[in-house]
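*Asks:* Protein sequences, first through last, are from chains A and B.
Counting in my numbering, the first sequence runs from 1 upward without gaps.
Counting in my numbering, the second sequence runs from 325 upward without gaps.
Even glycine gets a Cβ: it sits at the ideal position worked out from N, Cα and C.
Handing you a structure now.
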Amino acid sequence: MSKILVIADHAGGQLRKGTLGVITLARQIAARTAGTVEVAVVGHNVGSVAQAVAAYGAAKVYVVDSPELEKYTAQGHALAVAEVARKAGATVVAACASTFGKDCMPRVAVKLEAGMASEVVGLGTGAGITYVRPMWAGNVLGEVEIATPVHVLTVRTAEFDAAAPAGAPSPIEAAATTVTAAALKQRMLEFRPTVSARPALTEARVVVAGGRGLKSKESFQIVYELADTLGAAVGATRAAVDAEFIENDYQIGQTGKIVAPDLYIGAGISGAIQHLAGMKNAKVIVAVNKDEEAPIFTVADYGLVADLFKVLPELTGKLKARKG
Amino acid sequence: MKILVSAKRVTDPDARIRLRSDLSGIQSEGLEFKLNPFCENAVEEAIRLRDSQGGEIVAVSIGSEDAGTELRRALAMGADRAIRVAGKDDELDSDLVARVFVKIIEAEKPDLVIFGKQAVDGDSNQVAQLVAEYLGWGQACFVSHPEGSAGMTSQTPGLKVANGKALAVREVDGGAEIVEVDLPAVVSADLRLNEPRLPTLPNIMKAKRKPLDERTFADYGISPTLKVKTVRYSNPPERKAGIKVADVDQLLDKLTNEAKVL
Ligand SMILES: Cc1cc2nc3c(=O)[nH]c(=O)nc-3n(C[C@H](O)[C@H](O)[C@H](O)COP(=O)(O)OP(=O)(O)OC[C@H]3O[C@@H](n4cnc5c(N)ncnc54)[C@H](O)[C@@H]3O)c2cc1C
Ligand SMILES: Nc1ncnc2c1ncn2[C@@H]1O[C@H](COP(=O)(O)O)[C@@H](O)[C@H]1O
């Protein structure tokens, strides 16, 4: 019997949708191990997050709500997560492979003397529970076995369908923490948000991404115009971010965000392995590149060999005309 | 200030890695190896800090004898001395690597330890955080220098060290965080933290004479047990190239009537 504890990802009092992908994996583990799924929400003023996540059929939702956790620190949050994991008697502790999960969960693993698998994309098919995870920028899948009684996971949520709401709301239970911010060796001084009215990159159904081929911050505008016409999120390559066409929060790839939208349109992007690592699981891939040899065409469902400065505005114009 | 940095040997980050046909591991024939790109950023940042504040840089790698090549590269960039702990890549996990670092840190007593954010072979992104927790230290991971981002200017350094504290800019989902960590501290470097220098020829020659200690797990009293083991490899689902469309009209037609995504 296993007990899987999902650590909710949240920001600004809102549940982050990726959490629902972690719940899906947790349900898969539970189904194979006669286990139960519980959720923990850790932070300050997170009652609304607990209410939201209580709709997804967890046996229990723990809330660790403390002013000492108001500002995120890896050291403080890891302690609070480990405490609630012990209280729950969790055998698997799983969080999103978001920057929160990546930063905090290894510390949780040390506290629980657990082995940790990063960026899990599925379960192995053998008898015991093993975890499948991408290595070498996704060129290889490794199946890992964790030898410790407790397993810690971060989950690549783009690989999992969002869990559907299920059953009656989960009971919500408060759990205590011993974290005191003043005793920590680190402090968050300031959070500077990237402000955007567009859909979140990791949650959008359509993503329009631009690369170095866009040439400048000013001309990157044609990517926004197409995205807005489609109600899409905007993404970029590392080269586009390094050239300061757009902020780092929009980078897709091995070291950026992992996206799996229904439609990905990439323009002026060569298709380096590190970029493909972040988008090759999109359902439909469209590539616009003037170089017919560009590697991105090896993964594109629809390739258009053409000048993006002509194609993107034409596409935007024709889509607008359709909408009337 | 004394700084410890990691210098992992990895497969060429731009190589297309493939599995052997029996799926027992990756095809290593003809493959080149490099210093992990993120470790290059870590070494570069250590050099900048030492050059402005004085001190010493110790570069550390756990790996086979070949890993000495990448340690020499770190020395050629500007590290002062190096330690290699013998270990085979497929007999390591992030936890064992972290436990080795902890022992070295306890012996060397650095003020700051800089890791790469992740190793581009295993892509685990764990070692820095594990080390920080084992030591009970604070951490600043994914430290970057996001010029122009989230109100940062090119004058905002990614990492500053003064008055017994590290001040760092972290790249996180939804923006940037500015964090303060008491020294001694653990930092992990992201690619945009700095522009790693290329070693010059004279420095490559000089690096050959810099000390490189060879150690074993036994020297540190570490039992090389693994918590996480890769038991099988497989190929990701292959994605086939589709078709080329002639123009925007054909693209719109395909997306609407064939793929049905519009
Ligand atoms: C450790 C490591 C991690 C990395 N992580 C990432 C990551 O997470 N994400 C990422 O994206 N990259 C990452 N990279 C960088 C990656 O290797 C590539 O350098 C990068 O993806 C290239 O970006 P690009 O395609 O925009 O630029 P380029 O490779 O320069 O391609 C530009 C393309 O635009 C086309 N083009 C130019 N003008 C036009 C035009 N007018 N019309 C149409 N097409 C045009 C060109 O033909 C070319 O194919 C990483 C690299 C390393 C070493
Ligand atoms: N064998 C190793 N030798 C030296 N440094 C390592 C080793 N493995 C990991 N590291 C460091 O730890 C960071 C994170 O590694 P990982 O958790 O494996 O992705 C890497 O960027 C390196 O800086």
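What is the residue span of the alpha helix (DSSP H) that residue 399 of chain B lies within?
*Replies:* The residue given as residue 399 of chain B occupies position 75 in the second sequence. It spans 392-401 - the alpha helix (DSSP H) in which residue 399 of chain B sits, taken as one unbroken run.
*Asks:* Does the Cβ-Cβ distance between residue 15 of chain A and residue 85 of chain A come in under 8 Å?
*Replies:* Along the first sequence, one-based indexing puts residue 15 of chain A at 15. Along the first sequence, one-based indexing puts residue 85 of chain A at 85. Cβ atoms of residue 15 of chain A and residue 85 of chain A: not closer than 8 Å.
*Asks:* Using alpha carbons as the reference points, say which of B/385, B/369, B/380, B/559 lies closest to residue 349 of chain B.
*Replies:* As a first step, residue 349 of chain B must be located in the second sequence, where it is residue number 25. The candidate whose alpha carbon is nearest that of residue 349 of chain B is B/559.
*Asks:* Within its chain, find whatever has a CB closer than 8 Å to the CB of residue 583 of chain B; leave out the 5 residues flanking it on each side and keep chain order.
*Replies:* Here the question's residue 583 of chain B lines up with position 259 in the second sequence. Result list for residue 583 of chain B: empty, nothing under 8 Å.
*Asks:* Determine the chain B residues that contact residue 199 of chain A at a beta-carbon separation under 9 Å, and present them in chain order.
*Replies:* Position 199 of the first sequence, counted from the first residue, corresponds to residue 199 of chain A. Correct list: empty, because the minimum Cβ distance to chain B is about 13 Å.
*Asks:* Taking the CB atoms as reference points, tell me whether residue 204 of chain A and residue 261 of chain A lie closer together than 8 Å.
*Replies:* Counting from 1 along the first sequence, the entry for residue 204 of chain A is found at position 204. Counting from 1 along the first sequence, the entry for residue 261 of chain A is found at position 261. Result yes, Cβ atoms of residue 204 of chain A and residue 261 of chain A sit closer than 8 Å.
*Asks:* Does any heavy atom of ligand 2 sit closer than 7 Å to the C-beta of residue 452 of chain B?
*Replies:* In the second sequence, counting from the first residue as 1, residue 452 of chain B sits at position 128. Yes; taking the cut-off as 7 Å, the Cβ of residue 452 of chain B has a heavy atom of ligand 2 nearer than that.
*Asks:* Mind listing, in chain order, the continuous beta strand (DSSP E) runs of no fewer than 3 residues lying wholly within the region 20-108 of chain A?
*Replies:* 36-43, 61-65, 92-96
*Asks:* In whole angstroms, what is the alpha-carbon distance linking residue 542 of chain B and residue 157 of chain A?
*Replies:* As a first step, residue 542 of chain B is located in the second sequence; it is residue number 218 there, counting from the start. As a first step, residue 157 of chain A is located in the first sequence; it is residue number 157 there, counting from the start. So the two alpha carbons sit approximately 40 Å from each other.
*Asks:* Please confirm whether any heavy atom of ligand 1 lies closer than 7 Å to the CB of residue 444 of chain B.
*Replies:* Translated into positions along the second sequence, residue 444 of chain B becomes position 120. Correct: residue 444 of chain B has its Cβ closer than 7 Å to ligand 1.
*Asks:* Quick check on residue 516 of chain B: does DSSP put it in helix, strand or coil?
*Replies:* The residue given as residue 516 of chain B occupies position 192 in the second sequence. DSSP places residue 516 of chain B in helix when its eight states are reduced to three.
*Asks:* Tell me the DSSP secondary structure of residue 598 of chain B in three-state form.
*Replies:* It is not possible to answer for residue 598 of chain B, since the shown part of chain B is limited to 325 through 586.
*Asks:* Suppose you measure from the CA of residue 144 of chain A to the CA of residue 447 of chain B; what does that come to, to the nearest Å?
*Replies:* Taking the first sequence and counting its residues from 1, the one referred to as residue 144 of chain A is at position 144. Taking the second sequence and counting its residues from 1, the one referred to as residue 447 of chain B is at position 123. In a straight line, the C-alpha of residue 144 of chain A is about 13 Å away from that of residue 447 of chain B.
*Asks:* Can you look up residue 315 of chain A in the DSSP assignment and give me helix, strand or coil?
*Replies:* Position 315 of the first sequence, counted from the start, is the residue given in the question as residue 315 of chain A. Residue 315 of chain A: helix per DSSP, three-state reduction.
*Asks:* Below 7 Å, is the gap between the Cβ of residue 365 of chain B and the nearest heavy atom of ligand 1?
*Replies:* The residue labelled residue 365 of chain B in the question sits at position 41 within the second sequence. Between ligand 1 and the CB of residue 365 of chain B, the shortest heavy atom gap is not smaller than 7 Å.
*Asks:* Locate the beta strand (DSSP E) running through residue 188 of chain A, then write down its first and last residues.
*Replies:* Numbered from 1 along the first sequence, position 188 holds the residue referred to as residue 188 of chain A. Here the beta strand (DSSP E) through residue 188 of chain A covers 186-193.
*Asks:* Tell me whether residue 527 of chain B sits in a helix, a strand or coil according to DSSP, three-state version.
*Replies:* Your numbering for residue 527 of chain B matches position 203 in the second sequence. In this structure, residue 527 of chain B counts as helix in the three-state DSSP scheme.
*Asks:* Under 9 Å Cβ-Cβ, which residues of chain B neighbour residue 263 of chain A?
*Replies:* Numbered from 1 along the first sequence, position 263 holds the residue referred to as residue 263 of chain A. Per Cβ cutoff of 9 Å: 579, 583, 585, 586.
*Asks:* Residues of chain A with CB under 9 Å from residue 544 of chain B, in chain order?
*Replies:* Position 220 of the second sequence holds residue 544 of chain B. Going along chain A, no residue has its Cβ under 9 Å from residue 544 of chain B, so there is no contact; the nearest lies around 18 Å.
*Asks:* Along the chain, which unbroken stretches of the alpha helix (DSSP H) at least 4 residues long are found entirely within the region 371-447 of chain B?
*Replies:* Segments of the alpha helix (DSSP H) lying fully in the region 371-447 of chain B: 392-401, 418-432.
*Asks:* Between the Cα of residue 321 of chain B and the Cα atoms of B/396, B/406, B/534, B/420, which residue gives the shortest distance?
*Replies:* One cannot answer for residue 321 of chain B here, as it falls past the ends of chain B, which runs 325 to 586.
*Asks:* If we cut at 8 Å on Cβ distances, does residue 45 of chain A have a partner in chain B?
*Replies:* Position 45 of the first sequence, counted from the first residue, corresponds to residue 45 of chain A. Not one chain B Cβ lies under 8 Å of residue 45 of chain A.
*Asks:* Thinking C-alpha only, which one of B/487, B/496, B/399, B/516 is nearest residue 249 of chain A?
*Replies:* Within the first sequence, residue 249 of chain A is the residue found at index 249, counting from 1. Ranking B/487, B/496, B/399, B/516 by Cα distance to residue 249 of chain A puts B/496 first.
*Asks:* Less than 8 Å between the CB atoms is what I'm expecting for residue 309 of chain B and residue 331 of chain B, so what's the real figure, rounded?
*Replies:* A question about residue 309 of chain B goes unanswered here, because the residues of chain B that appear run from 325 up to 586.
*Asks:* According to DSSP, simplified to helix, strand and coil, what is residue 176 of chain A?
*Replies:* The residue you call residue 176 of chain A lines up with position 176 of the first sequence. In this structure, residue 176 of chain A counts as coil in the three-state DSSP scheme.
*Asks:* Could you give the C-beta distance for residue 290 of chain A and residue 307 of chain A, rounded to a whole number, given that I count them as a contact under 8 Å?
*Replies:* Locating residue 290 of chain A in the first sequence gives position 290, counting from the first residue. Locating residue 307 of chain A in the first sequence gives position 307, counting from the first residue. Rounded, the Cβ-Cβ distance is 5 Å, consistent with contact.
*Asks:* For ligand 1, I want to know if residue 14 of chain A counts as a neighbour, meaning its beta carbon is within less than 7 Å of at least one of the ligand's heavy atoms.
*Replies:* Translated into the one-based positions of the first sequence, residue 14 of chain A becomes position 14. Not under cutoff, so the answer is no.
*Asks:* Spatial neighbours of residue 324 of chain A within its chain, please: CB distance less than 8 Å, with the 5 preceding and 5 following residues excluded, ordered by chain position.
*Replies:* Walking along the first sequence from the start, residue 324 of chain A turns up at place 324. Around residue 324 of chain A: no qualifying Cβ.
*Asks:* So, does the CB of residue 416 of chain B fall closer than 8 Å to a CB anywhere in chain A?
*Replies:* On the second sequence, position 92 is the one that residue 416 of chain B refers to. False, the Cβ-Cβ gap to chain A never drops below 8 Å.
*Asks:* Run the CB neighbour count on residue 381 of chain B, radius 10 Å, all protein chains shown included, and call it buried at 16 or more, exposed below.
*Replies:* As a working mapping, residue 381 of chain B is identified with position 57 in the second sequence. Buried: at least 16 other Cβ atoms inside 10 Å.
*Asks:* Counting only Cβ pairs nearer than 9 Å, list the residues of chain A close to residue 453 of chain B.
*Replies:* Translated into positions along the second sequence, residue 453 of chain B becomes position 129. By Cβ distance, chain A contributes 74, 78, 102, 103, 104, 105, 106, 107, 109, 110.
*Asks:* Go ahead and label residue 271 of chain A buried or exposed: buried means 16 or more other beta carbons lie within 10 angstroms of its beta carbon, across all protein chains shown.
*Replies:* Residue mapping note: residue 271 of chain A aligns to position 271 of the first sequence, counting from 1. Residue 271 of chain A should be labelled buried.
*Asks:* Can you pull the chain A residues whose beta carbon is under 7 Å from the beta carbon of residue 446 of chain B, in chain order?
*Replies:* Working through the second sequence from its first residue, we reach residue 446 of chain B at position 122. Those within 7 Å of residue 446 of chain B in chain A are 135.
*Asks:* For residue 3 of chain A, which residues in chain B fall below 9 Å Cβ to Cβ?
*Replies:* Residue mapping note: residue 3 of chain A aligns to position 3 of the first sequence, counting from 1. Correct list: empty, because the minimum Cβ distance to chain B is about 19 Å.
*Asks:* According to DSSP, residue 250 of chain A sits in a beta bridge with which residue or residues?
*Replies:* By 1-based counting over the first sequence, the position of residue 250 of chain A is 250. Note: residue 250 of chain A sits in no beta bridge, so no partner.
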